[in-house]
Structures are given as C-alpha cells and as structure tokens.
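Undergrad: Sharing a structure below in structure tokens format, with a few things to ask.
There are 2 protein chains.
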Amino acid sequence: MKEFDIIKNYFLSRSYQRKDVQLGIGDDCALTTVPEGQQLVTTTDTLAESVHFPKGTSGRAVAHKALSVNLSDLAAMGAEPAWISLSLSIPEYDEAWLRDFSLCLQELTDYYSIQLIGGDTVQGPLSITITAQGFVPQGQALMRSKAKPGDWIYVTGTLGDAGLGLELLQTEKAAEPMHRNYLINRLNFPSPRLMVGTTLRRLATTCIDLSDGLKSDVQHILFASQTGAVINVEQLPLSEAMLATVGKDEGIRYALTAGDDYELLFTVSEEQKGSLEVALANCNVSATCIGRINGVQEKLELQRGDKPYQLPETGFQHFS
Amino acid sequence: MKEFDIIKNYFLSRSYQRKDVQLGIGDDCALTTVPEGQQLVTTTDTLAESVHFPKGTSGRAVAHKALSVNLSDLAAMGAEPAWISLSLSIPEYDEAWLRDFSLCLQELTDYYSIQLIGGDTVQGPLSITITAQGFVPQGQALMRSKAKPGDWIYVTGTLGDAGLGLELLQTEKAAEPMHRNYLINRLNFPSPRLMVGTTLRRLATTCIDLSDGLKSDVQHILFASQTGAVINVEQLPLSEAMLATVGKDEGIRYALTAGDDYELLFTVSEEQKGSLEVALANCNVSATCIGRINGVQEKLELQRGDKPYQLPETGFQHFS
Chain H
1 MKEFDIIKNY
11 FLSRSYQRKD
21 VQLGIGDDCA
31 LTTVPEGQQL
41 VTTTDTLAES
51 VHFPKGTSGR
61 AVAHKALSVN
71 LSDLAAMGAE
81 PAWISLSLSI
91 PEYDEAWLRD
101 FSLCLQELTD
111 YYSIQLIGGD
121 TVQGPLSITI
131 TAQGFVPQGQ
141 ALMRSKAKPG
151 DWIYVTGTLG
161 DAGLGLELLQ
171 TEKAAEPMHR
181 NYLINRLNFP
191 SPRLMVGTTL
201 RRLATTCIDL
211 SDGLKSDVQH
221 ILFASQTGAV
231 INVEQLPLSE
241 AMLATVGKDE
251 GIRYALTAGD
261 DYELLFTVSE
271 EQKGSLEVAL
281 ANCNVSATCI
291 GRINGVQEKL
301 ELQRGDKPYQ
311 LPETGFQHFS
Chain L
1 MKEFDIIKNY
11 FLSRSYQRKD
21 VQLGIGDDCA
31 LTTVPEGQQL
41 VTTTDTLAES
51 VHFPKGTSGR
61 AVAHKALSVN
71 LSDLAAMGAE
81 PAWISLSLSI
91 PEYDEAWLRD
101 FSLCLQELTD
111 YYSIQLIGGD
121 TVQGPLSITI
131 TAQGFVPQGQ
141 ALMRSKAKPG
151 DWIYVTGTLG
161 DAGLGLELLQ
171 TEKAAEPMHR
181 NYLINRLNFP
191 SPRLMVGTTL
201 RRLATTCIDL
211 SDGLKSDVQH
221 ILFASQTGAV
231 INVEQLPLSE
241 AMLATVGKDE
251 GIRYALTAGD
261 DYELLFTVSE
271 EQKGSLEVAL
281 ANCNVSATCI
291 GRINGVQEKL
301 ELQRGDKPYQ
311 LPETGFQHFS
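Protein sequence lines correspond, in order, to chains H and L.
Under UniProt numbering, think of the first position of the first sequence as 1, with each following residue one higher.
Under UniProt numbering, think of the first position of the second sequence as 1, with each following residue one higher.
Okay, structure coming up:
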C-alpha cells in the first residue's frame, strides 16, 4: 500500500471543479487565484480517532465531521469556502471505509462548491487533517477582538446536544430512540453555519465557533476584546431531545460545558440588533440572545434569572 | 495535555511576521492577501515517524525535513514561499524535543521569510502535516505537462545521497566518518531548491522535485507530457561521499532508485539551453544535463555511454 494512490483513486475524479482553480491534484502543487478585493481565510484542523471521535465512527461521519469543523471556522470569520487540502492517515486499506469517507466528502464538497486541491495519504493511526480556505471581502472578516461593552451575545441553534450524544454512545445513559438518534447525529454530523457567518459580516462585532463548550469558548472573545460578559443560563437554547432526556438543569450544564456544538457565538451592538434579527430570519437557523458584554475585563458572570448561577463541579467527558 | 497550547507556547511568539498576513495565529482562521498578478501555489505533505523518517530522528531534523519537503514542492512550481499551516501529532509532551523542533522551524521560517499562520496539535503517534503556500506570477508556474521531444533533461545537485545515508543509519554498512556525516545530513536536512525554481520560470518547460527516486519521478513528467526520455546514467551526478563509499556502479543504482533527494528535475528546450546555464550559474547549485525527451510515449530508456543500461533487480529500502 506504499503511497496508496488513495487520493487519486478515491478523490481525484470526484472533486468539484471551480473556475478559480487553474491546477488541482496531480502536479507538485495546486494553482489557484483569489478574487480581487477578497482576503484569503485559512484554517487547519486535525481529527484523530479516540481523541476527536470515538473508535468505530463510520467513514461517512468522520468525513462529515472533519470537513465541518473546518468550515465552521471559516463560518466564524464570515468567509465563504473555496478549497481544501486533505491529509489522511489510515491504519490499513479498508475499501468500504474509504468508499464511505470519500463519497461523503464528495457530496459535501459538491454541496458547498468546494474543490479538493491537494493532499497526502500515509499509513498510520486514523487521523484526518484538513486545511480549508475561503474568501471574505477585504476588511469584513469577523474577529474575536471587537466586542464592546453593551453588545448583545447570541448563539445559533441549540447547545450541548453533541456532548449528550457522546454520553449516550459511551455510557448506559438511556434516551428515547428518536432523541438518541437526533443527539448522536448532532455529534457526528455538525452543520457549519456558513450562511449565518456571511450574513453577520457587516452586523456582528465578533464571532467564534463553539467547539470546546460555551463557557470556555466565550472566554476567547473576552480575552481578545478585553471585556467581560453576563450570560443568563435560563436563556440557553436547549433542544427538545435534550430537555426530554436530561431536563433543564442538567441541560444547562451540557450547554455550558460540553464541546462539539459547532454553533456560532457572536456579539452585536445595540444599534445593529434589529437589523441582525431581520437578516438572520432568512438563514433558517435560530439565533438566541443569551447575554451581554460588559467592561469587567475577562470576567464571565453566569446568572439564572436574577440570581447568580454556580456551575456544579462535575464535568462531562467530551472530544475536542 | 488537552489541546496542549503547544502552538501558542512554542510557535506563536516566534513566527516571522509578513506584511501580507493581516491576522495570524490566535483567531478561528488566518487572514492573508495574495499580491496582484500572482497565483497562489499550495501543497500539503505529511511526514510520519517510521514511514518518512526513522524513529529517534531529532526534533531539529524532523522540523527541517517536514518544512523542506513542502518547500521543495513549491520550488518545483517556480513559486516563492509565503505561509505555512502546521498540524503536529505528538505522543507525549516532550519539552526538549518540542524546543528543538520549534527552534529549527523558527530559524527556517525566518530564513525563508515564511509566516506560520495556523495549526493544530493533537496527542498521537509522531506525525507532522504542513500545508505550504506561495506565489508565482500569473501563468509562469512550472508544470509537469509541457515537455516536448528534443528538450534536455537536467537535475540539480547530486543524487542518491539520502538513500545511502538511510542505509548507513539502518545497516552495518560502513563509511568514512566525514562521508557518513555528509550522507546522513543529506537525508535529514534536504535543501529545497527555491532559487533554482524561480530562476527556471521563463526558461524550463517542466519541473518536478525528486522524492521517490529519479526513475520513478521522471515518469510523472513522461506521463503528464505524453513523451518518452533517454537518460544516460553515466551522467548522473554523484557526490564524492557516494563514490568513495560505494563506487560508481552502486552509486548509479542509488541515484536512480533511492528516494528523499529533494533535488529538482527539469526540462529545457534546445533554444533556451544556453540562457538556462547562464541563469543557473548565479544559483550556487550545480545542474547536470542527464538526457533528453523524445516522442516515445511514457517510455524511459536508460543508457550507459552508448549501450542500454539494465538496472539490477535489488532495490533499496527508502522512506518516501
């Protein structure tokens, strides 16, 4: 299986073709052009078996997740995706797994109009590194550092589902089959919020994607912007499956600390709040206001209603 | 060691800063701009321990090699390097190894004026994936597909040294200390031929870097250009260390089949041959004419002097 030729056999013929790619897979490098007036946006994420996803995860789920976590980073900058490079480490030549993986990657790259422009394969423990690139109009990228006291804090979708899904996979915890299915799908098939990201470009002051858990990720904004925040945990958006399986109190803990949500957290000024809510109505993704930025440097204050909220000590196992 | 913070602790403060990088490490993505009139050139290579380098290779050598094999691909397109993303999988937190690795990476990125713009770290078997990007003026990239019958075939430097170096490391084969040192350094510290690459832009018809071995790599050009080639093995450039250690006959076999040379192989038309030799005189790297392209599709003919040359069957172990 030296050098596999896996990229060639499984990915080359199937990749979506873009006009801004002058030379794709098959030479020493790819050649591409960035449209005038656009900045290039680049992110790299590695997913390793048993670290970022449980052993036994299907090729389809691994492909979906490996691409989605990268696209989620692009979404958090307000970028639209363009190209990816793939480095695939696989322990053995497993035809069925590779077919699964490559077909899913092909479907997704077609769906998002992304071209696979290069890659490498190596024999080793299962691990996938993707470098994803996209564009954002000059000066319109969403960064972490521009939050101002008074800005409102929003999150997309519902929180904590992936963390509970992982718990269901790895413990005896029970859930109704329909809910179980939903929660495990939220773990394995995250949806990068690309359309929300581009919609936020001229409206939000900061944006970040939630990968480690809300409580931990919001700190990146507080640190970069040198601000504090108050979050009202009563407002945290919880799915029906979450509420039915563990109830609200436990749900809040998942929402605050469980990873792998790949929802966006963003801030918006008082003046833009109305325009933002109108713009997001077209995105088909809910966005919930959960708190507000203040001037207390790097301090995150949690409230439930009008009382301080203390997060119970017990943590959740999660991949991230 | 969750998420390590290795990128931050070891790489962030030390990275070379470029003007075309508007946002480096520390947000969801990096933001960069490609100069007007330039194409973006992208390559990804993964090096895994025991596959691409022997167990026990120093952090310095691993960093050097991981970066160099990527830069060698950029050189083969005639590109100048700009940015890299790094994904690092390490089995445990080894302070000394990481210091070695990151210091070498810093020295090299400084030397080549490259900025590290992103990355990821994960706990796992030692493996390094780098995505390297650079620029080439619109339409001037060197591809594999433009060789024409009558073009001359050149290689830079000397061939087979890295393969012999690996043999010295892994077997009882003896060499004089000075030669041994030279050959092992050729394995661990390849020199990407970036200046040769940019010099070749308007002169060469094709270019490729030698990673799997001359005999195997030249086929990529024959396949892409739909041509054949005659190579005179008598002309293959062999180092003094190679000749002193194994002699000419054995040296030719290393030069043809051993991998990891990271020299450039390129073709040039009869008309440009003179200009090319003048231009290369400024590059401080030797280039040797070893054969000629012909019209016999995808067939590589080896000669020694005016007789056909038959490569002995015994192969060499090599990493690539």
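For every residue, glycine included, the Cβ atom is placed at its ideal position computed from N, Cα and C.
Just so you know, these numbers come straight off a predicted model, no measurement behind them.
At which residues does the beta strand (DSSP E) containing residue 310/H begin and terminate?
TA: The residue you call residue 310/H lines up with position 310 of the first sequence. That residue, residue 310/H, is in no beta strand (DSSP E); it is neither H nor E in DSSP.
Undergrad: Just verifying my parser: in three-state terms, what is the DSSP assignment at residue 29/L?
TA: Position 29 of the second sequence holds residue 29/L. Under the three-state reduction of DSSP, residue 29/L is assigned to coil, being neither helix nor strand.
Undergrad: Going by beta-carbon coordinates alone, are residue 113/L and residue 18/L separated by less than 8 Å?
TA: Here residue 113/L corresponds to residue number 113 of the second sequence, with the count starting at 1. Here residue 18/L corresponds to residue number 18 of the second sequence, with the count starting at 1. Residue 113/L places its beta carbon less than 8 Å from that of residue 18/L.
Undergrad: Taking the straight line between their C-alpha atoms, what separation do you get for residue 196/L and residue 62/L?
TA: Walking along the second sequence from the start, residue 196/L turns up at place 196. Walking along the second sequence from the start, residue 62/L turns up at place 62. In a straight line, the C-alpha of residue 196/L is about 24 Å away from that of residue 62/L.
Undergrad: Chain H partners of residue 143/L, CB-CB under 9 Å?
TA: Your numbering for residue 143/L matches position 143 in the second sequence. In chain order: 23, 27, 28 and 31.
Undergrad: What does residue 79/H touch in chain L if you count any residue whose Cβ is under 8 Å from its own?
TA: The count along the first sequence starts at 1 and reaches residue 79/H at position 79. Chain L residues near residue 79/H: 29.
Undergrad: Quick one: what's got a C-beta closer than 6 Å to residue 75/L's C-beta in the same chain, skipping five residues either side?
TA: Looking up residue 75/L in the second sequence gives position 75. The residues are 192, 193, 194 and 197.
Undergrad: With 16 as the cutoff for other CB atoms within 10 Å, does residue 190/H come out buried or exposed?
TA: Counting from 1 along the first sequence, the entry for residue 190/H is found at position 190. Looking at its Cβ environment, which holds 16 or more other Cβ atoms inside 10 Å, residue 190/H is buried.
Undergrad: Is residue 235/H helix, strand or coil when you go by DSSP?
TA: The residue labelled residue 235/H in the question sits at position 235 within the first sequence. It is helical.
Undergrad: Within the UniProt domain "PurM-like C-terminal" (148 to 296) of chain L, note down every full alpha helix (DSSP H) run reaching 4 residues or more, in order along the chain.
TA: Secondary structure within the UniProt domain "PurM-like C-terminal" (148 to 296) of chain L: the alpha helix (DSSP H) runs of 4 or more consecutive residues, fully enclosed, are 161 to 170, 177 to 188, 194 to 200, 214 to 225, 240 to 257 and 273 to 280 (chain order).
Undergrad: Taking the Cβ atom as the reference point for each residue, do residue 210/L and residue 262/L lie within a distance shorter than 8 Å?
TA: Locating residue 210/L in the second sequence gives position 210, where the first residue counts as 1. Locating residue 262/L in the second sequence gives position 262, where the first residue counts as 1. Contact flag set, yes.
Undergrad: For a quick check, are the C-beta atoms of residue 46/L and residue 127/L less than 8 Å apart?
TA: By one-based count along the second sequence, residue 46/L stands at place 46. By one-based count along the second sequence, residue 127/L stands at place 127. Yes, these two residues count as a Cβ contact at 8 Å.
Undergrad: Check residue 24/L in the structure and name its three-state DSSP category.
TA: Residue numbering aside, residue 24/L sits at position 24 when the second sequence is read from its first letter. Here residue 24/L sits in coil by DSSP.
Undergrad: For residue 223/H and residue 180/H, I'd like the C-alpha separation in whole angstroms.
TA: Residue numbering aside, residue 223/H sits at position 223 when the first sequence is read from its first letter. Residue numbering aside, residue 180/H sits at position 180 when the first sequence is read from its first letter. Roughly 36 Å separates the two Cα atoms.
Undergrad: Quick one: does residue 54/L have its CB under 8 Å from some CB of chain H?
TA: As a working mapping, residue 54/L is identified with position 54 in the second sequence. Chain H, which has no Cβ nearer than 8 Å to the Cβ of residue 54/L, makes this no.
Undergrad: Look up residue 120/H in the DSSP assignment and give the residues it is bridged to.
TA: As a working mapping, residue 120/H is identified with position 120 in the first sequence. Answer by DSSP bridge pairing, in chain order: 87/H.
Undergrad: On the DSSP letters alone, give me the boundaries of the alpha helix (DSSP H) that residue 110/H sits inside.
TA: For the purposes of this step, residue 110/H is taken as residue 110 along the first sequence, with counting starting at 1. Residues 95 to 112.
Undergrad: Following the continuous beta strand (DSSP E) through residue 134/L, name the residue where it begins and the one where it ends.
TA: On the second sequence, position 134 is the one that residue 134/L refers to. Residue 134/L -> beta strand (DSSP E) spans 127 to 137.
Undergrad: Using the C-alpha atoms, what's the distance from residue 166/H back to residue 142/L?
TA: As a working mapping, residue 142/L is identified with position 142 in the second sequence. As a working mapping, residue 166/H is identified with position 166 in the first sequence. The straight-line gap from Cα to Cα measures roughly 48 Å.
Undergrad: Output the distance between the C-alpha atoms of residue 50/L and residue 283/H, rounded to the nearest integer angstrom.
TA: For the purposes of this step, residue 50/L is taken as the residue at position 50 of the second sequence. For the purposes of this step, residue 283/H is taken as the residue at position 283 of the first sequence. Rounded to the nearest angstrom, the two C-alpha atoms are 48 Å apart.
Undergrad: Using a Cβ cut-off of 8 Å (strictly closer), state whether residue 196/L contacts chain H.
TA: Residue mapping note: residue 196/L aligns to position 196 of the second sequence, counting from 1. Not one chain H Cβ lies under 8 Å of residue 196/L.
Undergrad: Report the partner residues of residue 67/L according to the DSSP bridge assignment.
TA: As a first step, residue 67/L must be located in the second sequence, where it is residue number 67. According to DSSP, residue 67/L bridges with nothing at all.
Undergrad: Residues of the stretch 78 to 112 of chain H with a CB closer than 9 Å to any CB of chain L: list them in chain order, please.
TA: 79, 83, 85, 86, 87, 88 and 89
Undergrad: Okay, do the stretch 20 to 30 of chain L and the stretch 287 to 306 of chain H touch, 3+ Cβ pairs below 8 Å being the bar?
TA: no
Undergrad: Which residues in chain L sit within 7 Å of residue 131/H, going by Cβ to Cβ distance?
TA: Against the first sequence, residue 131/H aligns to sequence position 131. Chain L residues near residue 131/H: 44, 85 and 131.
Undergrad: Could you tell me whether the Cβ atoms of residue 169/H and residue 81/H are closer together than 8 Å?
TA: Along the first sequence, one-based indexing puts residue 169/H at 169. Along the first sequence, one-based indexing puts residue 81/H at 81. No, they are not a contact pair.
Undergrad: What separation, rounded to the nearest whole angstrom, lies between the Cα atoms of residue 78/H and residue 183/L?
TA: Taking the first residue of the first sequence as position 1, residue 78/H is located at position 78. Taking the first residue of the second sequence as position 1, residue 183/L is located at position 183. Cα to Cα, the separation comes out at about 49 Å.
Undergrad: How would you call residue 212/L, buried or exposed, if buried means at least 16 neighbouring beta carbons within 10 angstroms?
TA: Translated into the one-based positions of the second sequence, residue 212/L becomes position 212. It counts as buried.
Undergrad: Would the C-beta of residue 250/L count as close to the ligand SAM, meaning under 7 Å from any of its heavy atoms?
TA: Looking for the ligand SAM in the displayed structure turns up nothing, as the structure carries no ligands at all.
Undergrad: Three-state secondary structure (DSSP) at residue 300/L?
TA: Mapped onto the second sequence, residue 300/L falls at position 300. Reduced to three states, the DSSP call for residue 300/L is strand.
Undergrad: In chain order, what residues of the same chain lie with their CB nearer than 8 Å to the CB of residue 1/L, ignoring the 5 residues before and after it?
TA: Position 1 of the second sequence, counting from 1, holds the residue named residue 1/L. Residue placement at residue 1/L is flagged as unreliable, the pLDDT there being 37, under the threshold of 50; the coordinate-derived value follows with that caveat. Closer than 8 Å at Cβ, skipping near neighbours: 92, 93 and 123.
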